[in-house]
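> Numbering (this note's numbering), first residue to last: 1 to 921.
Quick reminder that beta carbons are idealized off the backbone N, C-alpha and C, glycines included.
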Amino acid sequence: PEPRASLTSGDNVEAAEKELEDLQIIKSPSDPKKYRYIELNNGLKALLISDQSREHNVKAVLVHRMFSLSQSAAALCICVGSFSDPEDLPGLAHFLEHMVFMGSEKYPAENGFDAFLKKHGGSDNASTDCERTIFQFDVQRKYFREALDRWAQFFICPLMIEDAIDREVEAVDSEYQLARPSDSHRKEMLFGSLAKPNHPMTKFCWGNAQTLKHEPKENKINTYERLREFWKRYYSAHYMTLTVQSRETLDTLEEWVREIFIKVPNNGQPRPDFSNLQDPFNTPDFNKLYRVVPVRKIHALTISWALPPQDKHYRVKPLHYISWLIGHEGAGSILSVLRKKCWALALFGGNSETGFDQNTTYSIFSISITLTDEGYQNVSQIVHLVFQYLKMLQKLGTQQRIYEEIQKIEANEFHYQEQTDPIEFVETICENMQLFPKQDFLCGHQLMFEYNPETSLSLCYTSLLTPERANLLLLSPEHEGRCLLKEKWFGTQYSMEAAFLVLNFDTQPYMGQHLSTDSLQKNCVPFVSPQLLLNLIVDYLADFTAAPDVFSMFAEQLKKTYFNILIKPERLGKDVRLQILEHCRWSVIQKYEAIMKNLTVDDLMQFVTKFKAKMFVEGLVQGNFTSAESKEFLEYFVERLQFKPLEAEPPVLFRVVELPQKHHLCKVQSLNKSDANSEVTVYYQVFLMPIMTSLDLLRSMHMEEPCFDFLRTKETLGYQVYPTCRNTSGVLGFSVTVETQATKFSTDFVENKIEEFLVNFGEKLTNLTDEAYQAQVTALIKLKECEDTHLGEEVDRSWFEVVTEQYVFDGLSKEIEALKQMTKAELLSWFMGHRGAEGRKLSVHVVGFGKEENNQPEDDQTCLNPAEKTEGTPAKSSSYGEVSKLTFLPPTSALAGATMITDIRAFTSSLTLHPYHKILS
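(1) Could you tell me the alpha carbon to alpha carbon distance between alanine 147 and leucine 117, rounded to whole angstroms?
(2) Quick one: what does DSSP say glycine 81 is sitting in, helix, strand or coil?
(3) CA-CA distance, proline 874 and threonine 492?
(4) So, does the region 266 to 273 touch the region 440 to 454, judging by three or more C-beta pairs under 8 Å?
(5) Taking only the alpha-carbon atoms, compute the straight-line gap between threonine 372 and alanine 594 and give it to the nearest angstrom.
(6) Given that a residue counts as buried once 16 or more other Cβ atoms are within 10 Å of its Cβ, and exposed if not, what is arginine 905?
(7) What residues in its chain sit with their C-beta under 7 Å from that of cysteine 430, if we drop five residues either side in the sequence?
(8) Distance check for phenylalanine 441 and leucine 23, CA to CA, integer angstroms please.
(9) Less than 9 Å between the C-beta atoms of asparagine 42 and histidine 299, yes or no?
(10) Given that a residue counts as buried once 16 or more other Cβ atoms are within 10 Å of its Cβ, and exposed if not, what is leucine 190?
(11) Between lysine 395 and aspartate 183, what straight-line distance do the alpha-carbon atoms span, to the nearest angstrom?
(12) Per the contact definition of three or more C-beta pairs closer than 8 Å, is the region 773 to 782 in contact with the region 721 to 738?
(13) Just to confirm before moving on: does the CB-CB distance between glutamine 210 and glutamine 741 stay below 9 Å?
(14) Between the alpha carbons of arginine 571 and phenylalanine 387, how many angstroms are there, rounded?
(15) Which same chain residues, not among the five before or five after phenylalanine 710, have their C-beta less than 7 Å away from its C-beta?
(16) Assign tryptophan 206 to buried or exposed, taking buried as 16 or more other Cβ atoms, counted over all protein chains shown, within 10 Å of its Cβ.
(17) Closest by CA to valine 383, which one among Phe708, Ile369 and Leu393?
(18) What do you reckon, are the CB atoms on glutamine 140 and glycine 112 nearer than 9 Å?
(19) Using only the alpha-carbon positions, how far apart do isoleucine 402 and valine 379 sit?
(20) Quick one, are the C-beta atoms of glutamine 434 and glutamate 248 less than 9 Å apart?
(21) Which same chain residues end up closer than 6 Å to aspartate 85 when comparing Cβ atoms and leaving out the 5 residues on each side of it in sequence?
(22) Measure from the alpha carbon of glycine 762 to the alpha carbon of each residue in Lys784, Gly836 and Asp788, then state which is nearest.
(23) Looking at C-beta atoms only, is the number of pairs between the region 818 to 828 and the region 99 to 114 that lie closer than 8 Å three or more?
(24) Under 8 Å: do the region 351 to 362 and the region 274 to 284 share three or more Cβ pairs, one atom per stretch?
(25) Let me know the secondary structure DSSP gives tryptophan 305 once reduced to three states.
(26) Quick one: using the 10 Å Cβ neighbour count with 16 as the cut-off for buried, is serine 735 buried or exposed?
(27) Could you have a look at serine 246 and say whether DSSP puts it in helix, strand or coil?
(28) When DSSP labels each residue in this structure, what does aspartate 251 get in the three-state scheme?
(29) Apart from the five residues just before and just after leucine 335, which ones in its own chain have a Cβ nearer than 7 Å to its Cβ?
(30) Given a cut-off of 9 Å, decide if serine 843 and alanine 898 are closer than it, judged by their beta-carbon atoms.
(31) How is glycine 792 classed by DSSP in three states: helix, strand or coil?
(32) Around the C-beta of leucine 832, are 16 or more other C-beta atoms found within 10 angstroms, so that it is buried, or is it exposed?
(33) Can you look up leucine 659 in the DSSP assignment and give me helix, strand or coil?
(34) For glutamate 716 and glutamate 110, which I take to be in contact (beta-carbon distance under 8 Å), what is that distance rounded to the nearest angstrom?
(35) Given this structure, state the Cα-to-Cα distance separating leucine 393 from tyrosine 683, to the nearest angstrom.
(36) How many angstroms separate the CA atom of leucine 474 from the CA atom of isoleucine 589?
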């Protein structure tokens, strides 16, 4: 720890605190927080953050909202991840991250920590990466000390009882099943499989029931014992970095951290180190073209290079510099040329800085391009263009002027940074503590400290980013039926080709296209006037035109976008639910049907003319603007668009049907034939109620943790389990949602379990003591009083009031007052009333494909022991089914009492509409 200054009597308290702050740590001039770095005797390193200064400088807000201060938060990073998984137990690091939440010797209740946080307005999360695992939480300041003690037991004495292990495996498996339809996860697993044998990149980092439960039993492996051994080996204090932030003084935070975390054991063993495993992708399989069948309808090209680890170059950030050049969109850039030819919609170049893209064994640099249909047909020429640009950069060498422009932009962002949510901030910093020296904890991930072209910049250009070292992944639905290989864990279908033979690379000038970096040098402007930016947008709207080829490009992309929305169970479930509830809603299915009707650019321009003829314009200006400036914004808008006012006030479209006082069920088949995931949402419509106070109290403070404990922890129905309070165009309701798998449970079974939970919850609410009720009311009030961490939060809240035509800009103050007046008896009466015989209940099921629903996927990729790179005959029918029509399913006898909805319009046409109402007081 840093030496402390001695203080004489009469010294100013603020000056004293300044003396005790760690001045070696570089921080933003706009950051009022104070920092101190300490190391405990057990090797744990901690950064203490005191946020006291905000206590004396709470900003005034237009709506006269009285803010309290932000939550207290903590995060801890351990330098162990999935790279350390044993060969015979894939996913063990991820599984351990789950298991430490399941009670401790000091606090044995299985979900006790989550229950404590929910009771006091807090939240928590955790994640496992390749070489690091991070835990974080936030809570009201009053309960921060106790929360720290409860949380620290994860790393001191977790229980990890055998019964909990068997159940939590199912949550890990469900998380894996939910990830299977994700193209980004599928790409990662395929990419990792290309590494050298025995490199940890080839491991199955997710874990599932097969690797953590079934195979260990077959092989007589005791997962319980191995889990405890893994915890003892890797959850060691000298591997850990801790960040805590609160309004306490630095001295108080240091006292707490030393007292609590000194108990974390140190096993004295060396840290996991994989830095000797360099060049994992120096294999024949890497430098090839892979054609991949995606889940979504998308054409996408990713060109990747495996580079040496970049951690030691963090002060130069060579990949950040290169990504600016590659990702630039101005004249002369790769994307500008591709867009002019209508070959591409978007381009990203860079490194995501996740453990997958950057670790101690390699760093990945990728160029990802979202292609149009025509771009897919010309992919060979697009690859040529990319390599032309890279060759041009190599000839030009590192441009100091461009580097310093980027450096200046990053420095300005750091200098004038807005404050971030404490839980997000501590999560970032505790990981930075594993990567950078003390002085750079706060800035090492952002600032470009020094221009040094002689090191890594020139190295990356001249010898590494070449065609011969590149890997190409090409995703397209056009590959369906042509890919005979299948990745082991996610079932991704792909084929492998010798890229350089197929694409015939060269780097000669292509078609005379002008590629340059000139516009990037001219356009790196660190500040643009908001007035100028708005004027440019309005000018474009006023003179809007669309070329036929550009219109066709975006129309085709929109078709894919709607398709990709509808094949996700959670998005389809939302679309069906709102199609039932909202009277004038254009569903995604209807939008998809409309865009498929071969619309033309003439149709668009006719609409634009009608749209601009008569309008009502409404806006929101919030922030550092005067009233006169705000009026100028509006006047310029009106002047340039030259529209006439509406002849009559438009009818309010925010109308919601009044559900009948009985249980209705809408059960539809998932539109992704290869997806086992199902979603069940049970929704209760609440007629009229003062603001959202009862709903907030019901969900956040009372229902969330019991819902998680009953439906996920005990019943193991799925990874995603949550209650939600819903405001559907001014009509309120609450719901419980479970995302499950048809390979394990039917949706009817899950709904009955939700009903069982709600019955138990009603009993729990009845038995709630007055003291417990009041504590949770106070916690919710404190949460609502928290200061916005940045202007965007406040703007989002205000804009919601504008677009919903509510204009209740002091809504939070009204909710707080209503909460103060609400009694436990009122909450109980309200909940039981809506759950009774007169309740308005709507269930929406999106049914996946699996044995519990008697409908196996057409391409069944859920076999328990798939071959790693199997070959076989592709599925005969396309997995890209029709999404413009819903298939309604009947209930089983388990839900025989529900009234089925099999024609949404026929059902809603007979229902009355809620009157549109505004909350005025």
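Taking the geometry as given:
(1) Start at 1 with the first residue of the sequence shown, and residue 147 comes out as number 147. Start at 1 with the first residue of the sequence shown, and residue 117 comes out as number 117. Near 7 Å, if we compare the C-alpha coordinates of leucine 117 and alanine 147.
(2) Numbered from its first residue, the sequence shown carries residue 81 at position 81. In the structure shown, glycine 81 sits in coil (DSSP, three-state: anything other than H, G, I, E or B).
(3) Your numbering for residue 874 matches position 874 in the sequence shown. Your numbering for residue 492 matches position 492 in the sequence shown. Note that proline 874 scores a pLDDT of 49, beneath 50, so its modelled location is shaky and nothing firm can be said.
(4) no
(5) Locating residue 372 in the sequence shown gives position 372, counting from the first residue. Locating residue 594 in the sequence shown gives position 594, counting from the first residue. Taking the straight line from one Cα to the other gives about 20 Å.
(6) Numbered from 1 along the sequence shown, position 905 holds the residue referred to as residue 905. Classification for arginine 905: exposed.
(7) Working through the sequence shown from its first residue, we reach residue 430 at position 430. These residues qualify, in order along the chain: Ala75, Leu76, Cys77, Ile134, Thr241, Leu242 and Thr243.
(8) The count along the sequence shown starts at 1 and reaches residue 23 at position 23. The count along the sequence shown starts at 1 and reaches residue 441 at position 441. Each residue's alpha carbon lies about 12 Å from the other.
(9) Here residue 42 refers to the residue found at position 42 of the sequence shown. Here residue 299 refers to the residue found at position 299 of the sequence shown. The answer is no: Cβ separation not under 9 Å.
(10) What you label residue 190 is simply residue 190 of the sequence shown in a count that begins at 1. The residue in question, leucine 190, is buried, as its Cβ has 16 or more Cβ neighbours within 10 Å.
(11) As a position in the sequence shown, residue 395 is number 395, starting the count at 1. As a position in the sequence shown, residue 183 is number 183, starting the count at 1. So the two alpha carbons sit approximately 36 Å from each other.
(12) no
(13) Position 210 of the sequence shown holds residue 210. Position 741 of the sequence shown holds residue 741. It is not a contact, given that the beta carbons lie outside the stated cut-off.
(14) For the purposes of this step, residue 571 is identified with residue 571 of the sequence shown, where counting begins at 1. For the purposes of this step, residue 387 is identified with residue 387 of the sequence shown, where counting begins at 1. Answer to the nearest angstrom: the Cα atoms are 38 Å apart.
(15) As a first step, residue 710 must be located in the sequence shown, where it is residue number 710. If we look at phenylalanine 710 and ignore the five residues flanking it on each side, its Cβ neighbours are Phe757 and Asn760.
(16) Position 206 of the sequence shown, counted from the start, is the residue given in the question as residue 206. Per the 10 Å Cβ criterion, buried.
(17) As a working note, residue 383 is residue 383 in the sequence shown. The shortest Cα separation from valine 383 among Phe708, Ile369 and Leu393 belongs to Ile369.
(18) Position 140 of the sequence shown, counted from the first residue, corresponds to residue 140. Position 112 of the sequence shown, counted from the first residue, corresponds to residue 112. Result no, Cβ atoms of glutamine 140 and glycine 112 do not sit closer than 9 Å.
(19) What you label residue 402 is simply residue 402 of the sequence shown in a count that begins at 1. What you label residue 379 is simply residue 379 of the sequence shown in a count that begins at 1. Taking the straight line joining both Cα atoms gives about 30 Å.
(20) Counting from one through the sequence shown, the residue named residue 434 turns up at place 434. Counting from one through the sequence shown, the residue named residue 248 turns up at place 248. In this structure, glutamate 248 does not lie closer than 9 Å to glutamine 434 by Cβ.
(21) Looking up residue 85 in the sequence shown gives position 85. So the qualifying residues of the chain are Leu92, Ala93 and Lys203.
(22) Locating residue 762 in the sequence shown gives position 762, where the first residue counts as 1. Looking at the Cα atoms, Gly836 is the closest of the given residues.
(23) no
(24) yes
(25) On the sequence shown, residue 305 is found 305 positions in, with the first residue counted as 1. DSSP places tryptophan 305 in strand when its eight states are reduced to three.
(26) Here residue 735 corresponds to residue number 735 of the sequence shown, with the count starting at 1. That one is buried.
(27) Numbered from 1 along the sequence shown, position 246 holds the residue referred to as residue 246. It is a strand residue.
(28) As a first step, residue 251 is located in the sequence shown; it is residue number 251 there, counting from the start. It is helical.
(29) Here residue 335 refers to the residue found at position 335 of the sequence shown. Glu329, Ala344 and Leu347.
(30) Here residue 898 corresponds to residue number 898 of the sequence shown, with the count starting at 1. Here residue 843 corresponds to residue number 843 of the sequence shown, with the count starting at 1. Their beta carbons are under 9 Å apart, which means alanine 898 touches serine 843 by this criterion.
(31) Mapped onto the sequence shown, residue 792 falls at position 792. Three-state result, glycine 792: helix.
(32) In the sequence shown, the residue the question calls residue 832 occupies position 832. It should be noted that the sequence gives methionine, not leucine, for residue 832. With fewer than 16 Cβ atoms within 10 Å of its Cβ, methionine 832 is classed as exposed.
(33) Your numbering for residue 659 matches position 659 in the sequence shown. Reduced to three states, the DSSP call for leucine 659 is coil.
(34) Walking along the sequence shown from the start, residue 716 turns up at place 716. Walking along the sequence shown from the start, residue 110 turns up at place 110. Here residue 716 turns out to be threonine, not glutamate, going by the sequence shown. Contact flag wrong, Cβ pair sits at about 13 Å.
(35) Here residue 393 corresponds to residue number 393 of the sequence shown, with the count starting at 1. Here residue 683 corresponds to residue number 683 of the sequence shown, with the count starting at 1. The alpha-carbon atoms of leucine 393 and tyrosine 683 are separated by roughly 57 Å.
(36) In the sequence shown, the residue the question calls residue 474 occupies position 474. In the sequence shown, the residue the question calls residue 589 occupies position 589. Between leucine 474 and isoleucine 589, the C-alpha separation is close to 28 Å.
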